[in-house]
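**Student:**
Chains as they are written, first to last, in our numbering: chain U, 499 to 854; chain E, 499 to 854; chain P, 499 to 854; chain C, 499 to 854.
(1) In chain order, what residues of the region 714-729 of chain C put their CB closer than 7 Å to some CB of chain E?
(2) Spatial neighbours of residue 640 of chain U within its chain, please: CB distance less than 7 Å, with the 5 preceding and 5 following residues excluded, ordered by chain position.
(3) Any Cβ of chain U within less than 8 Å of the Cβ of residue 693 of chain P?
(4) For the region 539-563 of chain E, list every residue whose C-beta sits within 7 Å of some C-beta in chain P, in sequence order.
(5) Give the interface partners of residue 514 of chain C over in chain E, defined as CB-CB distance under 8 Å, in chain order.
(6) Quick one: what does DSSP say residue 551 of chain P is sitting in, helix, strand or coil?
(7) Does any residue of chain P have a CB that is nearer than 8 Å to the CB of residue 619 of chain C?
(8) Tell me, to the nearest whole angstrom, how far the beta carbon of residue 801 of chain C is from that of residue 825 of chain C; I am working on the premise that it is less than 8 Å.
(9) For residue 818 of chain C, which residues from the same chain have a beta carbon less than 7 Å from its beta carbon, with the 5 sequence-adjacent residues on both sides left out?
(10) Can you find a CB in chain E that lies within less than 8 Å of the CB of residue 711 of chain C?
(11) Please report whether the beta-carbon of residue 804 of chain P lies at a distance below 8 Å from any beta-carbon of chain U.
(12) Around the Cβ of residue 722 of chain E, are there at least 16 other Cβ atoms within 10 angstroms (buried) or fewer (exposed)?
(13) Out of P:767, P:746, P:750, P:725, point me to the one whose CA is closest to residue 614 of chain P's CA.
(14) Check residue 812 of chain P in the structure and name its three-state DSSP category.
(15) Counting only beta-carbon atoms, is residue 783 of chain P nearer than 8 Å to chain C?
(16) So what's residue 838 of chain C in DSSP terms, helix, strand or just coil?
(17) Output the distance between the C-alpha atoms of residue 631 of chain U and residue 594 of chain U, rounded to the nearest integer angstrom.
(18) Report back the beta-carbon spacing between residue 820 of chain P and residue 813 of chain P to the nearest angstrom; my notes put them in contact at under 8 Å.
(19) Ignoring anything shorter than 4 residues or poking outside the region 588-652 of chain E, list the alpha helix (DSSP H) runs there in chain order.
(20) Give every residue of the same chain whose Cβ lies closer than 8 Å to the Cβ of residue 572 of chain P, excluding the five residues on either side of it in the sequence, and list them in chain order.
(21) Hey, out of P:567, P:553, P:517, P:550, whose CA is closest to residue 541 of chain P's CA?
(22) Tell me, to the nearest whole angstrom, how far the beta carbon of residue 556 of chain E is from that of residue 798 of chain U; I am working on the premise that it is less than 8 Å.
(23) Tell me the rounded alpha-carbon separation between residue 773 of chain P and residue 552 of chain E.
(24) With 8 Å set as the bound, which would you pick, yes or no: does the beta-carbon of residue 676 of chain U sit closer than that to a beta-carbon of chain P?
(25) Return helix, strand or coil for residue 701 of chain E, following the three-state DSSP convention.
(26) Would residue 527 of chain P be called buried (16 or more neighbouring beta carbons within 10 Å of its own) or exposed?
(27) Compare the C-beta of residue 832 of chain P against all C-beta atoms of chain C and say whether one is closer than 8 Å.
(28) By DSSP, does residue 512 of chain E sit in helix, in strand, or in coil?
(29) In angstroms, rounded to a whole number, what distance separates the CA positions of residue 509 of chain U and residue 539 of chain U?
(30) Quick check on residue 771 of chain C: does DSSP put it in helix, strand or coil?
(31) If you draw a straight line from the alpha carbon of residue 837 of chain C to that of residue 519 of chain C, how long is it in whole angstroms?
(32) Taking contact to mean 3 or more Cβ pairs, one atom from each stretch, closer than 8 Å, check whether the region 686-695 of chain E and the region 747-758 of chain E are in contact.
(33) To the nearest whole angstrom, what separates the beta carbons of residue 775 of chain C and residue 810 of chain C, a pair I think is in contact under 8 Å?
(34) State the beta-bridge partners of residue 758 of chain U as determined by DSSP.
(35) Output yes if chain U places a C-beta closer than 8 Å to the C-beta of residue 672 of chain P; else output no.
(36) Anyone know if the C-beta pair for residue 620 of chain U and residue 642 of chain U falls short of 8 Å?
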């Protein structure tokens, strides 16, 4: 901690979050002259710009390679912090090894986010060494800086949150924590995400012909990010209903969250509640919900390609019903950007460094 | 009624609903050889295919004209049924005249849909003759065939429902009518519509650069279609929360509606409830919600360019929470197609004629 | 033939062209009460509406099945005309068998379109019986009604043209046939197609994230449809340069074709040339190119979801350079619609029947 | 100049290029602590973040204002360099005044790009003082760094190039300058641009319903950027045919340019020609065209949101025909990014500074 710079590595740069992570780390002011070590599954080194031509400089290549993964390579190169942008199962098996090699880890998968066994069940992990897995799990910190800033600073393993979960937890936490929300009435979270959230593998539902000009709900009452919401918000499963939808856009999430307050509240009170909660959080923008128009509600276009989570709200005339709209870029605040935030905290740097 | 054919007219063929209406009427089996009289605001006749090149035949024109509107013209041509695809204010002032001229009217605007004065207030109508307006209003039938089939058959004035309202009312009516829904818990309707719903006038929010790659909530707690939902479902304003969103697609609406049942229900009961309610309704398709996957939930792609309203649902394991997903094409079942359904009923024809 | 109706079958209804073909045949006025026999590769029958939920009626199913393919099944059902919407290689091997079983065939693949061996080489066909293949090839008629109407009427095997080829050949044929085009200057065809042209298989380049917000040229100097253009236009390979591009839209092709005339021409002459050539062709619409504005040039939006090929042009002031713009729906005039046109001709029916 | 920093101003920050310019200048390393003075046409100051919520920091505002334009204000603030992202006509009338006030100017409009009166005619400028206008015109430098780097360094007025013109000129200049292109055969440039190129004003053709799922050619044989191509490439009007198309994407241009060489060339020669020409140009990336596949041709997705112009090519087997594909972001290399490049040169800074 407190170092001027560190040596990082990235496993899984070929995916969408991996590309964003590469971009952020290559331009990070603390990492100038210390490009990440990129590692992947190919047996031979591949040029990073072959995977992602947009990263090329004017010579048509950045010269950077994605090298075959091995723990030896990481040690030779003096890697201190490893980003895993790998599939859940792979992260589940690699993290204990990484920790054993003395590496700090930011894992972008869902492998280590969930404390309760029943919430993790949906992933179907088969831990080779269950006792070790439990130990590692116990060390893991849920990497949402707005909630766990202090723990992240010292963490060896940071489990970077899910994109939907980030948008819903940040929208609800201040109001739930204040005890304002009537949980018996139930909370409804209607979320919509761009296609990059579904990953790079070509499937029937990532085909342009399926996603374009369409909208579909999916994983109704059964999405993997539900567990994160329950654990981080301290809710029962019956108190929150979450429905994700697939939007015909490349990136961005908008969550429309419906709560009922126990008692009447003024819009100004809600505004103050949100602003106070996030007073020390550089990556949350509160949109004023005071006006009658919806002009100042967040929209996907305002948050996309930024690392901000934008939050706005609107109150019904009855003073009880409140709609919170939260937006973020699923590849940035919902993945790679938040991972960099976590690195910043782990290294004692400014939380927003390299994210403006 | 009961005639083989009738003479129709269309005012407002230049808009998106107008184009669909023209297309449907020109291909309607009952109207072969009796093209609608198209009337508009231009002082000179304009070729219909100049407005809508897609309607041209292989000679580059259908020969049809949009003629300057006058009541005399309509009478000369023997018009019996007038479709108004005109702005709300214009429909509000024309309908009394049309009825006075002995015409039957299907009005696609919001002018005559709302019974309660307070629900209508949002339109800000200034009736020239308030007493006459009240009389006309009293005669108006809300043109949702699934609810008012019999009244529509005899109606002189049919107020064609709003697109959002159609999707929400059809999703909820069977469950609310059965008395199953816990209204104290509140109903949430999260709706998403394509851009054609915003009309043809170029505005800041219909600009491609605003709508594309974006999603935005608008008219939160203040959309004009709320009144239709309240009146048709028999609800109080505090019992239902409706939020529309602007989708980056040309056409289609998906509404995700969240209800809590008073008592536990099985999915099979919900399925049966919906199927029974719509047993006699040819334009509603029930998607089975029984499976665990969301495969059989409606999606915009399945209903668009059809006149169907597709309805599916999914139940939580608690047996109390139910998510209903309804989809339709806002220009067809949400506008022009439903107008033709209404014409079919008014003329004693099969409800689905010309709509397959 | 001149029969009132026939029994058809469709192999390959699961793809995009197959869906359109199913739709067209199910609504074709000559085939009422005689649904096509749908056959596919699954070992068990599958409901057609499971593949394509949009085809369901209000009972949620049309009742139609896609049955396991066998020649016996086709014979039992009395099939007379078989549509093959199958991969090239499969069509190449099935067609000789189909003809041997006495079936007439409209093949939508590229298997039998090309006369010259060197043009066919790009498909890499391995004919089991080369002599038989040659015999079949010799019988095949290129199914572009505007050029080969008379041959199609009597054909046993119609090779339905490629989508790009249709748009380019129809744009050029009248001008090339008139001898007006300076072939030494070279013709340039710059074509752009929606993603459905790439087929239903999920691949890296049909992924939403690849196609959306993007445009890319592909198969430069090496697209399979080149052979069709050369053979049908009677050109040498060096006389025409064709570049396809992948558009971020579901369907539609626009080809911008650049020619230089040997001698000065007036726009009116070009207009007359096109109109005369297509005087007897119901599925070509000539857009007048006479004005100075581009208002009357075809656009994808006007031809999509129709079976028309729209053609317009603009002349340079020098009277020599002419730009021809042609548009069509790659799934209709570029595939399934043209297949139905061919069926109409083969059966002695009106060319445009069921295609309005 | 060689100063460490300067004071800039931006007129016209409300448009799309203006937003990108604001973003670039606010993050430019040389301008830290010296935000541009933003000026506009409103009579009262407006918050920049009200126009562009995406520019807000986590307090919901950057604090920056767009102030009412006046020459006095610019002088008070010590402005040295003025960016005009204003309409053509306004730039035409303001630039002489700006120069008279001793300001250096980068004008993003088409007002001062064209040397020949006949090429300028299409804009229909009415110069208040024709003699002054001629003097100013004579001083103007065409701001394409790859062609006029040295002149730009010393220029008082830089006319920032058109977006289409940049993509076409950069694709062609090396080959034309080498004398390789057979001009008698004619050059064809088929260009496609995203909707932001059409500006922020809502019009019939920027409406989402017009642009989405569509492609259209426009301004055929009559686009305003033609003059720039003729002047910068030294061509006659009959030697080059340029057709722009409106793509259904927010941003990006792809130009497909067809040339015929006088004599056979190897791909390696073409590659070398391009690489040598742009050896000193940091903002051009040459994609190798040597392979048989089109993998290495530029695509819009690779250049968008960068300041690069990407250039690739493919040769026909005849060694004479060559297709050059060039891509850029119309708001960056086609507008605001190139304007910053010009500022960098004018100030003696590194051409690519602040543009990585």
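Glycine included, every Cβ here is placed at the ideal spot set by N, Cα and C. Bear in mind the structure is a predicted one, so any value in this text is a computation, not a measurement.
**Tutor:** Reading off the structure:
(1) Along the region 714-729 of chain C, there is no position whose C-beta sits under 7 Å from a C-beta of chain E.
(2) Correct list, in chain order: 611, 646, 657, 659, 730.
(3) True, the Cβ-Cβ gap to chain U drops below 8 Å.
(4) When C-beta distances to chain P are compared with 7 Å, the residues of the region 539-563 of chain E below that value are 551, 552, 554, 556, 558, in chain order.
(5) Under the 8 Å cutoff, chain E gives 707.
(6) In the three-state scheme derived from DSSP, where H, G and I count as helix and E and B as strand, residue 551 of chain P is classed as helix.
(7) No - not a single Cβ of chain P is within 8 Å of the one on residue 619 of chain C.
(8) Yes, residue 801 of chain C and residue 825 of chain C are in contact; Cβ-Cβ is about 4 Å, under 8 Å.
(9) Excluding sequence neighbours, residue 818 of chain C sits near 758, 759, 762.
(10) For residue 711 of chain C, the answer is yes, since a Cβ of chain E falls inside 8 Å of its Cβ.
(11) Residue contact check for residue 804 of chain P against chain U: no CB pair falls below 8 Å.
(12) By the Cβ neighbour-count rule, residue 722 of chain E is buried, with 16 or more other Cβ atoms within 10 Å of its own.
(13) For the set P:767, P:746, P:750, P:725, the Cα lying nearest the Cα of residue 614 of chain P is the one of P:725.
(14) Reduced to three states, the DSSP call for residue 812 of chain P is strand.
(15) So, not an interface residue.
(16) Residue state, collapsed to three classes: helix.
(17) Going by the C-alpha atoms only, they are around 7 Å apart.
(18) Indeed they touch by this definition, with Cβ atoms about 5 Å apart.
(19) Unbroken alpha helix (DSSP H) runs of no fewer than 4 residues, entirely contained in the region 588-652 of chain E, are found at 615-618, 628-637, 643-652, following chain order.
(20) Residues of the same chain with a CB within less than 8 Å of the CB of residue 572 of chain P, apart from the 5 flanking positions on each side, are 507, 535, 537, 580, 599, 601 in chain order.
(21) Measuring from the Cα of residue 541 of chain P, the nearest candidate turns out to be P:567.
(22) With 8 Å as the limit, residue 556 of chain E and residue 798 of chain U do not qualify as a contact, their Cβ atoms being about 43 Å apart.
(23) Spanning the two alpha carbons is a distance of roughly 19 Å.
(24) No, residue 676 of chain U does not count as interfacial toward chain P.
(25) Annotated three-state conformation of residue 701 of chain E is coil, per DSSP.
(26) Exposed is the label assigned to residue 527 of chain P, since fewer than 16 other Cβ atoms lie within 10 Å of its Cβ.
(27) No, no contact with chain C.
(28) In this structure, residue 512 of chain E counts as coil in the three-state DSSP scheme.
(29) C-alpha separation (whole angstroms): 9 Å.
(30) Annotated three-state conformation of residue 771 of chain C is helix, per DSSP.
(31) Their backbone Cα atoms lie some 8 Å apart in a straight line.
(32) Because the criterion of three Cβ pairs below 8 Å is met, the region 686-695 of chain E and the region 747-758 of chain E touch.
(33) Actually they do not touch by this definition, with Cβ atoms about 14 Å apart.
(34) According to DSSP, residue 758 of chain U bridges with U:819.
(35) Not one chain U Cβ lies under 8 Å of residue 672 of chain P.
(36) At the C-beta level, residue 620 of chain U and residue 642 of chain U stay beyond 8 Å of one another.
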